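Enquirer: So the sequence lines, in the order shown, correspond to chains A and B. Using the numbering used here, the letters of the first sequence correspond one by one to residues 465 to 768. Using the numbering used here, the letters of the second sequence correspond one by one to residues 2 to 160. From the three backbone atoms N, C-alpha and C, an ideal C-beta is built for every residue, glycine too. Just so you know, these numbers come straight off a predicted model, no measurement behind them.
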Amino acid sequence: MPFYGRQNSERNVSMNLKYTSPRVFFPKSISEALERNRSEADAVFWAGGTHLSRYTENKTVISLPKNVISLGMVEELARASRSEHSLEIGSMMTLDRLAAIGRNTLPAGLYDAIIRIGSRPMRCRATIGGHLAVKDKIGDLRPLLQLLETTVETRSLKERHGRRKALSLTRKFPIALLEGKPGLGGGELICRISIPTESWDYGTYKKIIPTEDEERFFIFTALARVEKEVLTDLRMAFSDGYTGVLRDRDVEVGMAGRPLRLNTKELESLDDAVDTITEPWEKRDYEKETAKRLVRSFMNHISR
Amino acid sequence: MIISFFLNGNPVEIDTMPHHRSVDLLRESFQIKSIQQSCSDALCGTCLILMDDRPVLSCLVPAFELKFKDIWTMEGISSKKSYADIVGGYKSAHVQLCNSCAPARALATEALLRQTLRPSAELVRETAESVNCSCCSTRRVMDAILRAAKLREKRIHES
Numbered sequence: 465m466p467f468y469g470r471q472n473s474e475r476n477v478s479m480n481l482k483y484t485s486p487r488v489f490f491p492k493s494i495s496e497a498l499e500r501n502r503s504e505a506d507a508v509f510w511a512g513g514t515h516l517s518r519y520t521e522n523k524t525v526i527s528l529p530k531n532v533i534s535l536g537m538v539e540e541l542a543r544a545s546r547s548e549h550s551l552e553i554g555s556m557m558t559l560d561r562l563a564a565i566g567r568n569t570l571p572a573g574l575y576d577a578i579i580r581i582g583s584r585p586m587r588c589r590a591t592i593g594g595h596l597a598v599k600d601k602i603g604d605l606r607p608l609l610q611l612l613e614t615t616v617e618t619r620s621l622k623e624r625h626g627r628r629k630a631l632s633l634t635r636k637f638p639i640a641l642l643e644g645k646p647g648l649g650g651g652e653l654i655c656r657i658s659i660p661t662e663s664w665d666y667g668t669y670k671k672i673i674p675t676e677d678e679e680r681f682f683i684f685t686a687l688a689r690v691e692k693e694v695l696t697d698l699r700m701a702f703s704d705g706y707t708g709v710l711r712d713r714d715v716e717v718g719m720a721g722r723p724l725r726l727n728t729k730e731l732e733s734l735d736d737a738v739d740t741i742t743e744p745w746e747k748r749d750y751e752k753e754t755a756k757r758l759v760r761s762f763m764n765h766i767s768r
Numbered sequence: 002m003i004i005s006f007f008l009n010g011n012p013v014e015i016d017t018m019p020h021h022r023s024v025d026l027l028r029e030s031f032q033i034k035s036i037q038q039s040c041s042d043a044l045c046g047t048c049l050i051l052m053d054d055r056p057v058l059s060c061l062v063p064a065f066e067l068k069f070k071d072i073w074t075m076e077g078i079s080s081k082k083s084y085a086d087i088v089g090g091y092k093s094a095h096v097q098l099c100n101s102c103a104p105a106r107a108l109a110t111e112a113l114l115r116q117t118l119r120p121s122a123e124l125v126r127e128t129a130e131s132v133n134c135s136c137c138s139t140r141r142v143m144d145a146i147l148r149a150a151k152l153r154e155k156r157i158h159e160s
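#1: Please work out which residues of its chain come closer than 7 Å, Cβ to Cβ, to residue 147 of chain B, disregarding the five sequence neighbours upstream and downstream, and give them in chain order.
#2: Going by DSSP, what residues sit across from residue 633 of chain A in a beta bridge?
#3: Measuring straight from C-alpha to C-alpha, what distance separates residue 738 of chain A and residue 731 of chain A?
#4: Assess contact between the segment 591-602 of chain A and the segment 556-576 of chain A, defined as three or more Cβ pairs (one per stretch) separated by less than 8 Å. Is contact present?
#5: Residues of chain A with CB under 8 Å from residue 1 of chain B, in chain order?
#6: If you draw a straight line from the alpha carbon of residue 22 of chain B to that of residue 63 of chain B, how long is it in whole angstroms?
#7: I need the boundaries of the beta strand (DSSP E) containing residue 8 of chain B, first residue and last residue.
#8: What first and last residue would you give for the beta strand (DSSP E) that runs through residue 16 of chain B?
#9: Could you name the residues of the same chain whose beta carbon sits closer than 7 Å to that of residue 141 of chain B, not counting the 5 residues immediately before and after it, in chain order?
#10: Let me know if residue 620 of chain A comes out buried or exposed under the rule of 16 or more other beta-carbons within 10 Å of its beta-carbon.
#11: Might you give, ordered along the chain, the residues of its own chain that have their beta carbon closer than 7 Å to the beta carbon of residue 634 of chain A, omitting 5 neighbours on each side?
#12: What span of residues does the alpha helix (DSSP H) with residue 719 of chain A cover, start to end?
#13: In or out: residue 465 of chain A buried (at least 16 other Cβ within 10 Å) or exposed?
#14: In three-state terms, what does DSSP make of residue 91 of chain B?
#15: Could you check which residue in B/68, B/46, B/60 has the C-alpha nearest to that of residue 53 of chain B?
#16: Going by the beta-carbon positions, is the gap between residue 541 of chain A and residue 659 of chain A smaller than 8 Å?
#17: Exposed or buried, which one is residue 766 of chain A when buried takes at least 16 other CB atoms within 10 Å?
#18: I need the straight-line Cα distance from residue 703 of chain A to residue 598 of chain A, nearest angstrom please.
#19: How long is the line joining the alpha carbons of residue 707 of chain A and residue 715 of chain A, rounded to whole angstroms?
#20: Just the C-alpha distance for residue 527 of chain A and residue 42 of chain B, rounded to the nearest angstrom, thanks.
#21: So residue 102 of chain B packs on residue 134 of chain B, CB below 8 Å; how close in whole Å?
#22: Is any beta-carbon of chain A found at less than 8 Å from that of residue 42 of chain B?
#23: Using the beta-carbon count (16 or more within 10 Å), is residue 693 of chain A buried or exposed?
#24: Mind listing, in chain order, the continuous alpha helix (DSSP H) runs of no fewer than 4 residues lying wholly within the segment 647-726 of chain A?
#25: Give a yes or no on whether the C-beta atoms belonging to residue 105 of chain B and residue 49 of chain B are separated by under 8 Å.
#26: Can you tell me whether residue 154 of chain B is helix, strand or coil according to DSSP?
#27: If you count every other CB in all the chains shown that lies within 10 Å of the CB of residue 513 of chain A, and 16 or more means buried, which is it?
#28: Taking 8 Å as the CB-CB limit, is residue 589 of chain A close to chain B?
#29: List the residues of chain A that residue 131 of chain B touches, going by C-beta distances under 8 Å, in chain order.
#30: Flag residue 104 of chain B as yes if its beta-carbon sits less than 8 Å from any beta-carbon of chain A, otherwise no.
#31: Looking at the structure shown, is residue 524 of chain A part of a helix, part of a strand, or coil, going by DSSP?
#32: If we ignore side chains and look at the alpha-carbon of each, how far apart do residue 581 of chain A and residue 610 of chain A end up?
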């Protein structure tokens with residue numbers, strides 16, 4: 465016989481009228497989740513909920529949309545597998561589990577990036593899918609995943625004129641396309657993330673928080689391959705969480721083939737390139753200067 | 002919404018609003034007073050509970066997420082024999098925790114010991130940093146966690 469807790473549906477909560485009680489659905493499969501989303505037009509998919517929960521000021525309740533589709537019981541979204549060239553992970557995999565299973569298999573820098581997100585209890589709730597789906601902020605892992613050429617697989621339902629049953633659509637695209645338009649469509653559910661596991665000789669991930677304000681930060685991440693003291697492949701990106709993932713493929717291609725260590729002239733032209741890449745960070749001299757220093761430090765590191 | 006789950010090993014059920022924060026629900030409806038509701042912003046860690054053996058912050062968990070989950074709090078783990086390992090570990094490391102963070106630190110340690118008895122230095126550090134309190138240093142808490150792991154391992158081998 466289960467123990468019944470004191471009922472408190474109306475207690476504190478009734479005082480917070482703007483936080484109306486949501487309806488919560490618990491689908492057991494992806495297709496069930498999509499069907500539910502189709503029938504409840506304003507419904508929102510719920511993964512770990514860390515983003516939504518953190519930004520509610522009320523101490524008693526969490527401000528939720530009217531209809532919530534909890535994905536916690538969709539087993540197929542929590543699976544992971546490894547192929548020869550990539551790690552395939554379901555979108556409901558928590559960052560903690562991803563760090564645990566990928567400790568020795570994740571590409572350089574990615575493990576460090578994951579364990580720097582929040583505290584462990586936060587990572588035990590936060591999911592990779594939720595991390596990528598947040599619209600008003602670029603997740604900390606996005607720049608590095610973009611450099612690694614990670615792809616995202618989504619599923620959605622498309623109405624067919626005159627038919628009762630909707631058509632199931634699967635879309636697979638590079639993670640960079642999550643940014644801007646078209647981005648993630650309404651009713652589109654991130655199902656799988658495919659992270660290439662090809663090896664990189666060097667990888668770095670730095671998150672700099674210049675002040676006490678944790679919302680003001682920037683990320684520098686880079687990958688490099690070096691063969692016989694020649695830089696054969698370089699990728700680098702910057703992000704401040706809001707103004708996009710800043711990257712210049714032409715600069716990266718231009719650096720390939722250069723012998724290490726770079727001479728003063730090459731380093732200065734790289735400084736200029738970083739200046740141009742970080743142009744959207746207007747009037748943020750500290751960030752721009754630090755970005756240059758981090759790039760120099762990375763180049764120094766791979767030249768050893 | 003009626004939510005059924007396991008609390009400290011016992012099946013429980015409650016009719017509540019689905020968006021109710023679990024920290025408030027557990028404190029008010031189930032009299033779990035060991036968890037603190039301080040920041041509600043995932044900063045302090047004093048509302049830590051074990052959900053399916055993983056440490057999570059109950060201020061971030063809406064009530065509907067408790068459905069069918071196995072929840073453990075200090076009230077539950079402290080009634081078990083194995084709790085002596087955690088107490089012994091902290092005692093032998095001469096760590097005296099304050100009332101505010103002690104339950105959360107004990108739960109974080111228990112979560113780690115349920116996962117592995119030979120944790121890496123990184124996991125130990127992460128466990129020590131799960132709770133943000135200035136009553137003692139991270140280094141000393143790390144030492145206490147390692148001692149607790151040794152005691153747990155010894156007890157398991159002996160039994």
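Expert: Working from what's here:
#1: Working through the second sequence from its first residue, we reach residue 147 of chain B at position 146. Its chain contains 125 as the residues whose beta carbon lies nearer than 7 Å to that of residue 147 of chain B, once the 5 sequence neighbours on both sides are disregarded; these appear in chain order.
#2: Taking the first residue of the first sequence as position 1, residue 633 of chain A is located at position 169. Beta-bridge pairing links residue 633 of chain A to A/620.
#3: Indexing the first sequence from 1 puts residue 738 of chain A at position 274. Indexing the first sequence from 1 puts residue 731 of chain A at position 267. In a straight line, the C-alpha of residue 738 of chain A is about 10 Å away from that of residue 731 of chain A.
#4: yes
#5: With chain B covering only 2 through 160, there is no way to say anything about residue 1 of chain B.
#6: Here residue 22 of chain B refers to the residue found at position 21 when the second sequence is read from its first residue. Here residue 63 of chain B refers to the residue found at position 62 when the second sequence is read from its first residue. Looking at the two C-alpha atoms, the distance is approximately 5 Å.
#7: Reading the second sequence from its first residue, position 7 is the one you call residue 8 of chain B. Note, residue 8 of chain B: beta strand (DSSP E), 3-8.
#8: Taking the first residue of the second sequence as 1, we reach residue 16 of chain B at position 15. 11-16 is the extent of the beta strand (DSSP E) around residue 16 of chain B.
#9: Position 140 of the second sequence holds residue 141 of chain B. Cβ within range, chain order: 94, 96.
#10: For this step, residue 620 of chain A is matched to residue 156 along the first sequence. So residue 620 of chain A counts as buried.
#11: Here residue 634 of chain A refers to the residue found at position 170 of the first sequence. The residues are 617, 619.
#12: Within the first sequence, numbered from 1, the residue matching residue 719 of chain A stands at position 255. Counting along the chain, the alpha helix (DSSP H) containing residue 719 of chain A begins and ends at 713-719.
#13: Mapped onto the first sequence, residue 465 of chain A falls at position 1. With a pLDDT of 46 at residue 465 of chain A, under the threshold of 50, the modelled position of that residue is not reliable, and the figure given next carries that caveat. When all chains shown are included, residue 465 of chain A counts as exposed.
#14: Working through the second sequence from its first residue, we reach residue 91 of chain B at position 90. Residue state, collapsed to three classes: helix.
#15: One-based indexing of the second sequence puts residue 53 of chain B at position 52. Among B/68, B/46, B/60, the Cα nearest to that of residue 53 of chain B belongs to B/68.
#16: For this step, residue 541 of chain A is matched to residue 77 along the first sequence. For this step, residue 659 of chain A is matched to residue 195 along the first sequence. No; because the gap between Cβ atoms is not below 8 Å, this pair is not in contact.
#17: Working through the first sequence from its first residue, we reach residue 766 of chain A at position 302. The residue is buried, with at least 16 neighbouring Cβ atoms inside 10 Å.
#18: Numbered from its first residue, the first sequence carries residue 703 of chain A at position 239. Numbered from its first residue, the first sequence carries residue 598 of chain A at position 134. Residue 703 of chain A and residue 598 of chain A: Cα-Cα distance of roughly 15 Å.
#19: Counting from 1 along the first sequence, the entry for residue 707 of chain A is found at position 243. Counting from 1 along the first sequence, the entry for residue 715 of chain A is found at position 251. Roughly 20 Å between the two C-alpha positions.
#20: In the first sequence, the residue the question calls residue 527 of chain A occupies position 63. In the second sequence, the residue the question calls residue 42 of chain B occupies position 41. One C-alpha to the other measures close to 13 Å.
#21: Your numbering for residue 102 of chain B matches position 101 in the second sequence. Your numbering for residue 134 of chain B matches position 133 in the second sequence. Rounded to whole angstroms, the Cβ separation of residue 102 of chain B and residue 134 of chain B is 4 Å, and the two are in contact under 8 Å.
#22: In the second sequence, residue 42 of chain B corresponds to position 41, counting from 1. Yes - at least one Cβ of chain A is within 8 Å of the one on residue 42 of chain B.
#23: Here residue 693 of chain A is taken as the residue at index 229 of the first sequence, counted from 1. With fewer than 16 other Cβ atoms within 10 Å, it is exposed.
#24: 713-719
#25: Mapped onto the second sequence, residue 105 of chain B falls at position 104. Mapped onto the second sequence, residue 49 of chain B falls at position 48. Yes, Cβ-Cβ distance for residue 105 of chain B and residue 49 of chain B is below 8 Å.
#26: Here residue 154 of chain B corresponds to residue number 153 of the second sequence, with the count starting at 1. Reduced to three states, the DSSP call for residue 154 of chain B is helix.
#27: Position 49 of the first sequence, counting from 1, holds the residue named residue 513 of chain A. Buried is the call here.
#28: Position 125 of the first sequence holds residue 589 of chain A. Closer than 8 Å: yes.
#29: Looking up residue 131 of chain B in the second sequence gives position 130. Within 8 Å Cβ-Cβ: 583, 584, 585.
#30: The residue given as residue 104 of chain B occupies position 103 in the second sequence. No, because no Cβ of chain A sits closer than 8 Å to the Cβ of residue 104 of chain B.
#31: Looking up residue 524 of chain A in the first sequence gives position 60. Coil at residue 524 of chain A, not helix or strand.
#32: Here residue 581 of chain A is taken as the residue at index 117 of the first sequence, counted from 1. Here residue 610 of chain A is taken as the residue at index 146 of the first sequence, counted from 1. Their backbone Cα atoms lie some 17 Å apart in a straight line.
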